[in-house]
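Chains as they are written, first to last, in the working numbering: chain A, 24 to 400; chain B, 24 to 400.
Even for Gly, the Cβ is constructed at its ideal location relative to N, Cα and C.
No experiment lies behind these values; they were computed from the predicted model shown.
The structure under discussion appears below in the form of structure tokens.
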């Protein structure tokens, strides 16, 4: 146990009470809507966080790299969806995980990948569980629900003796909206497209036990998940300023921040210089085109109170420029003296977390615990 | 030794021949202009790279965090400038480094920090070598050459028994220019401001042995460094697309790239999906407002040939969207089939490197060596 005052800066802080509140809010919603919940742990890359999600009721996890799969499997979690399209070079590490007992599910959205999975699986005597990725909003990967290739991919996998685990989709474009009606519409589009794709498989006698959908905005906006079996979401565990602008949390829900120290001033410009630059905050400027641009982050007091109007307006590698929006604050040096500590709320929790080897988890008594996280591939 | 074909993706590659060329180009220029050279190692955070710079003639290094100072000192480098303003909470680790034999120089740009350094030094019987940061272009930190506080800071340090090591400045605004005349002008402004600040200290009998200036654009653009004793630069060791747009390198000088694999397509949009998203490239969009916007990076063949007009136009965490600028390429799936490997040149080498736990250094025989890098604070 360390006190906040003993921490070096910059440091990534987790407000564990806020995190727990976010976890419970999501899980209770999923329980009420009658679907399983499989959190995406790419946001935290931290077993302590994932175990808190599982303790609240999550069933399995979603990962974005095989390194995440390996690390979380080593931490004791076995039900893992690797939610990025499989390619031949990643089949050997995926096989190794399954042979160690990991219930790893892999993904395909094209016939070439399906054939590679099938022939590699047959050659190694492994029945891979494969989910088919569906594109319900045009933002990235996947097969559209009505495309012929959906049936082709499923048939290739079945003919090669692989297990058809289900379909999954992710309406990543939900991040582009900021009103409840639009979010409700994209959530329904995501749900309906996934259900339709599953129905097309079942109509020709193919198996599709799982219908998996989700993103933080759609998970928190959908009215119902009829015919969906599970929902996925990642960033809700911490939330961030992008999600505040989307409208699915308030700034007071944001559980991740960067603790920083004031190291200088440019008084005539109304600047304080802090030791959180883009290396600590990330280069993510996700709020730039949203309704409220927070620069590189929202400034808060050391104990987490939002200091309205003060943002990180600029960032170099290890220097952040703190200023007031609108009129420069000529009293900046008195307001934020050298050595003063502040917290900065991030634009994008996944990107900011990724800059840090560890989190300092702030407990209800104000002391902190080190929670390791990992990176790389 | 590993062959390129055996590497997993995404992976950060260093083209060691290009890197060596970049190191020699800079060092030869510094030698010809009669100044010492102190590279900024925040770009690589990798002892193998720093030792190549020192082998070519660099004298000492510049760091942006005390963790870098510790890591490079542990790797055998003793002459280290910590080029971020000192604050009280960082004096104990700075003292520990000096007590272990590290010739660490620290920085101040305000009287409050100077007083803290002085009183902490006196209390611990340590004579810190302190350099004063000068602001020659208004982009960030530092004291303007003509400000009264320059003499105040120097006097506070001298009166407390600290060593006045010199002055340093960094014309970071040089990144905003893209023509030789403007770069020459900002280089001269940087040099003249630093020399003027040093002169003001010497005029009142204060010591100022070092006059340290630099940034990659100004180091490569200055006509002369009269009265300057050393130059600093960082990103030149790898270069990147931002520096290509500034005009101080070509794309064929860029020594850092990310090796990636094609994992899918959206043919009607002319997209290939690759496994290098923003986690591998960073969120840096430094070319966005420059003369040539490269999106999240320039696409090259696996052996490094630029594929003109193909860029990473979008990035999610572990997915990159590869497309042609202008008219969509409807033959994208034949051009870039599933499993094909490509290299992506980064916007900003410092930011892209920071996403990776290690580099794969590609040697002249085509084999690769693992060069570890570190992160965090």
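| Query | Result |
| --- | --- |
| Whether residue 265 of chain B touches residue 66 of chain B by CB criterion (8 Å) | no |
| Where residue 256 of chain B falls: helix, strand or coil (DSSP) | coil |
| Cβ of residue 409 of chain B within 8 Å of any chain A Cβ | Nothing about residue 409 of chain B can be read from this structure; chain B reaches only from 24 to 400. |
| First through last residue of the beta strand (DSSP E) which encompasses residue 126 of chain A | 126–131 |
| Sequence ranges, beta strand (DSSP E) only - wholly within the stretch 315–380 of chain B, length at least 3 | 321–324, 329–338, 343–347 and 364–368 |
| Residue 243 of chain B to residue 73 of chain B span [Cα, whole Å] | 19 Å |
| Test: residue 340 of chain B CB closer than 8 Å to a CB of chain A | yes |
| Neighbourhood of residue 185 of chain B by C-beta, 7 Å cutoff - its chain only, sequence neighbours within 5 removed | 140, 141, 144, 150, 151 and 153 |
| Span of the alpha helix (DSSP H), counted from its first residue to its last, around residue 304 of chain B | 301–304 |
| Buried/exposed call for residue 395 of chain A, threshold 16 Cβ in 10 Å | exposed |
| Coarse secondary structure for residue 74 of chain A, derived from DSSP in three states | helix |
| Segment contact flag, the stretch 372–391 of chain A with the stretch 225–240 of chain B, C-beta cutoff 8 Å, min 3 pairs | no |
| Whether residue 63 of chain A touches residue 216 of chain A by CB criterion (8 Å) | no |
| Opposing strand residues paired with residue 281 of chain A [DSSP bridges] | A/35 and A/367 |
| For residue 106 of chain A, the three-state DSSP class (helix, strand or coil) | strand |
| Cut-off 6 Å between Cβ atoms - residues of its own chain near residue 128 of chain A, not counting five sequence neighbours on either side | 104, 152, 154 and 188 |
| Contact list for the stretch 96–121 of chain A against chain B, Cβ threshold 7 Å | 107, 108, 110, 111 and 112 |
| For residue 431 of chain A, the three-state DSSP class (helix, strand or coil) | The structure shown does not extend to residue 431 of chain A, since chain A spans only 24 to 400, so no value can be given for it. |
| Outcome for residue 55 of chain A when other beta-carbon atoms lying within 10 angstroms are tallied against a minimum of 16 | exposed |
| Residue-chain proximity (residue 78 of chain A, chain B), Cβ-Cβ < 8 Å | no |
| Distance between beta carbons of residue 343 of chain B and residue 283 of chain B, contact taken as under 8 Å | 7 Å |
| Residue 337 of chain B versus B/317, B/329 and B/326, residue with shortest Cα-Cα distance | B/317 |
| With 16 other Cβ atoms within 10 Å as the buried cut-off, status of residue 57 of chain B | exposed |
| Beta carbon proximity, residue 302 of chain A to chain B, threshold 8 Å | yes |
| Contacts around residue 68 of chain B, its chain only, beta-carbon distance under 6 Å, and the 5 residues preceding and following it disregarded | 396 and 397 |
| Beta-carbon proximity of residue 125 of chain A to residue 177 of chain A, cut-off 8 Å | no |
| Chain-order list of residues whose beta-carbon lies under 7 Å from that of residue 46 of chain A (same chain, five-residue window excluded) | 75, 76, 79 and 260 |
| Assigned secondary structure, residue 123 of chain B (DSSP; H/G/I helix, E/B strand, else coil) | coil |
| Contact between the stretch 37–51 of chain B and the stretch 355–375 of chain A (3+ Cβ pairs under 8 Å) | no |
| Per-residue burial, residue 251 of chain B [other beta carbons within 10 Å of its own, 16 or more giving buried] | buried |
| Helix, strand or coil at residue 290 of chain A [DSSP, three-state] | helix |
| Same chain only: Cβ atoms within 7 Å of residue 309 of chain A, ignoring 5 sequence neighbours per side | 265, 370 and 371 |
| For residue 304 of chain A and residue 327 of chain A, believed in contact at Cβ under 8 Å, the rounded distance | Wrong, their Cβ atoms sit about 17 Å apart, outside the cutoff. |
| Nearest-angstrom Cα separation, counted from residue 117 of chain B out to residue 89 of chain B | 7 Å |
| Residues in the stretch 378–390 of chain A having any Cβ partner in chain B nearer than 8 Å | 378, 379, 380 and 381 |
| Residue environment, residue 193 of chain A, which counts as buried when at least 16 other CB atoms sit within 10 Å | buried |
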